[in-house]
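As structure tokens, the structure follows; a few thoughts come after it.
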Amino acid sequence: MLAAVTGEILEAPGAALAPLAGGAALTPGLALAARDRCPLILVTDLHADAALLAPVVKATVVVEAASAAHWIAHAANLAMTDPRGPVHVACADAVAGEPALPVATAIRPPALPPPTPAALETLGDALARASRPLLITGLECGADDAKWVRAFAESLPAPVLATAKGRGVLAEPHPLALGLVGAAHPLLARADLVVLVGVDALELPPGLWAARPLARIGRAPWPDSGPAPAADARGDIALVIEELAPRVRARPAADWDVAELDRLKRAVMREAQTTPASRLVGVVREATPAATVVAADVDLGFAWQAVAPREVLTPLGGVVPAGYAMLAAVAAQLADPDRRVVAFTTLAGRAMAEPALALARALALPIVAVVLQPPLDEAAFAANFSRALLARRPIVVA
């Protein structure tokens with residue numbers, strides 16, 4: 006699991022070394038990497054049970070000394086090819102000690118081809134016809150895409166919702182950032198075109214798109230089983246938006262009611278602070294710097310305001326592996342020692358997090374773990390959390 010989250014944060018494959026015998030213990034971490042589209046390379050011994058990993062890895066490659074460099078580079082490329090995910094590298098014990106043959110090769114997938122003129126034309130026409138476009142950001146959007154997404158949203162102008170993995174692509178304090186996507190969000194009923202920007206089909210709640218015109222900008226091929234976009238421009242997200250710029254400038258401004266969007270933004274922020282737990286999340290947000298990374302196995306909602314991609318680490322699909330929040334926090338702190346990292350969990354999650362806490366203590370990682378539990382004394386919590394931030398070592402605040 007540490008390797009999966011490392012891959013998610015660093016935009017490069019995480020790596021894990023483990024024996025394959027009794028491979029059931031590997032399944033939760035691999036399933037997380039597959040579901041969350043985390044690039045990961047799992048290196049194991051050669052074992053008859055390798056086929057059991059097939060449902061949760063993109064491929065298994067078996068290496069020999071003469072071919073190890075080639076196949077490991079291939080595994081890294083495959084792990085980073087959209088949709089990203091885990092790749093299994095099997096190496097026999099006898100081979101592991103042999104010298105590998107050096108090979109000059111690229112270890113990243115080639116750049117995506119530019120979007121086709123026909124795809125850009127179709128997407129431009131869809132935007133021109135729409136009077137109330139709505140953008141939804143997803144996990145394919147990285148830091149380099151964020152400034153283009155902001156310019157795109159402001160040029161239309163269009164409100165922006167985010168999936169759980171698409172948070173911070175448009176900084177959430179921005180007036181056009183109006184919350185997390187969900188079937189009940191009022192903007193979905195008002196929009197006459199929904200534009201998915203870097204959204205993976207796995208991120209979408211079932212049945213969300215009935216009778217809604219759909220367009221897409223994305224890196225990975227769109228699955229046949231998903232809702233079919235009327236316009237689909239595949240390629241580098243920033244490049245697609247840049248190519249669309251002349252068409253966006255030529256269209257009339259979107260017809261969203263600015264006052265209505267402002268009321269909705271204020272309503273979203275009020276709702277984010279309705280429970281004692283959400284108010285404590287807000288206390289933590291106010292006490293920490295803007296670039297803080299948060300790992301959570303509880304729903305933080307909009308009480309936590311993300312300002313950049315991959316600042317909120319939470320698993321997709323409603324399946325939370327045991328101890329996820331603390332393990333993800335350790336991975337985030339190791340990946341970037343200079344950033345503040347906070348973990349949010351429950352009493353049950355805290356009970357499962359002891360191995361991760363022990364690792365954090367051994368490495369002296371300055372992670373603050375917040376256990377959300379009733380009763381909640383906000384004033385006492387704020388004081389305790391402020392002291393914990395100064396400690397520069399792992400501390401649990403409840």
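So for the sequence shown, the working numbering puts the first residue at 6; every next one is plus one.
Idealized CB from N, CA, C, for every residue including glycine.
Quantities reported herein were computed from a predicted structural model and do not represent experimental measurements.
C-alpha distance - residue i paired with residue j, whole-angstrom precision
i	j	result
residue 49	residue 270	49 Å
residue 208	residue 34	18 Å
residue 174	residue 200	14 Å
residue 397	residue 283	25 Å
residue 265	residue 163	13 Å
residue 153	residue 26	47 Å
residue 84	residue 158	31 Å
residue 399	residue 118	45 Å
residue 57	residue 114	27 Å
residue 370	residue 324	27 Å
residue 405	residue 129	Shown here, the chain extends from 6 to 403; a query on residue 405 therefore has no answer.
residue 367	residue 402	19 Å
residue 2	residue 337	There is no way to answer for residue 2, as the model of the chain reaches only from 6 to 403.
residue 150	residue 53	43 Å
residue 388	residue 314	29 Å
residue 110	residue 134	46 Å
residue 112	residue 95	18 Å
residue 376	residue 340	23 Å
residue 285	residue 43	30 Å
residue 379	residue 281	8 Å
residue 327	residue 362	13 Å
residue 384	residue 213	40 Å
residue 355	residue 364	14 Å
residue 41	residue 210	14 Å
residue 305	residue 262	28 Å
residue 63	residue 357	29 Å
residue 28	residue 51	12 Å
Cβ distance (whole Å) where residue i is taken to contact residue j below 8 Å
i	j	result
residue 166	residue 205	Rounded, the Cβ-Cβ distance is 15 Å, inconsistent with contact.
residue 224	residue 87	4 Å
residue 74	residue 106	6 Å
residue 373	residue 394	6 Å
residue 92	residue 80	4 Å
residue 6	residue 47	Rounded, the Cβ-Cβ distance is 12 Å, inconsistent with contact.
residue 240	residue 142	The Cβ separation is near 16 Å, so there is no contact.
residue 259	residue 136	6 Å
residue 303	residue 350	7 Å
residue 18	residue 45	6 Å
residue 317	residue 172	5 Å
residue 217	residue 193	7 Å
residue 16	residue 147	6 Å
DSSP bridge partner residues for residue i (one or two, in chain order)
i	result
residue 130	BP columns for residue 130 are empty, so no partner.
residue 46	20, 92
residue 300	318, 348
residue 335	Its beta-bridge partners do not exist; DSSP assigns none.
residue 68	96
residue 239	223
residue 293	Its beta-bridge partners do not exist; DSSP assigns none.
residue 142	167, 202
residue 400	373
residue 356	DSSP lists no partner for residue 356.
residue 182	165
Nonlocal neighbours in the same chain, by C-beta distance under 8 Å from residue i, ignoring five residues either side
i	result
residue 132	138, 161, 198, 200, 220, 249, 252, 253, 256
residue 230	206
residue 386	285, 288, 402
residue 390	288, 289, 292, 373, 375, 402
Beta-carbon proximity list for residue i, same chain, < 6 Å, skipping 5 on both sides
i	result
residue 176	312
residue 319	169, 301
residue 236	127, 128, 131, 220
residue 120	238, 240, 245
residue 196	137, 139
residue 66	76, 80, 94
residue 279	none
Close-in-space but distant-in-sequence residues of the same chain around residue i (CB under 7 Å, 5 per side omitted)
i	result
residue 228	206
residue 190	166, 184
### Query
If we count Cβ pairs, one from each stretch, closer than 8 Å, do we get three or more for the segment 7 to 18 versus the segment 329 to 338?
The segment 7 to 18, when compared against the segment 329 to 338, does touch it at the 8 Å Cβ threshold.
### Query
How do the segment 292 to 311 and the segment 337 to 345 stand: do at least 3 beta-carbon pairs fall below 8 Å, yes or no?
Cβ pair count under 8 Å is three or more, so yes.
### Query
Are there three or more Cβ pairs, one per stretch, closer than 8 Å when the segment 180 to 199 is compared with the segment 241 to 258?
At 8 Å Cβ cutoff, the stretches do not touch.
### Query
Is there contact here, the segment 303 to 313 with the segment 276 to 290, by at least three beta-carbon pairs under 8 Å?
Touching, yes, given that three or more Cβ pairs across the two stretches are closer than 8 Å.
### Query
Is it true that the segment 93 to 107 meets the segment 54 to 70, where meeting means three or more beta-carbon pairs spaced less than 8 Å apart?
Yes: at least three Cβ pairs fall under 8 Å.
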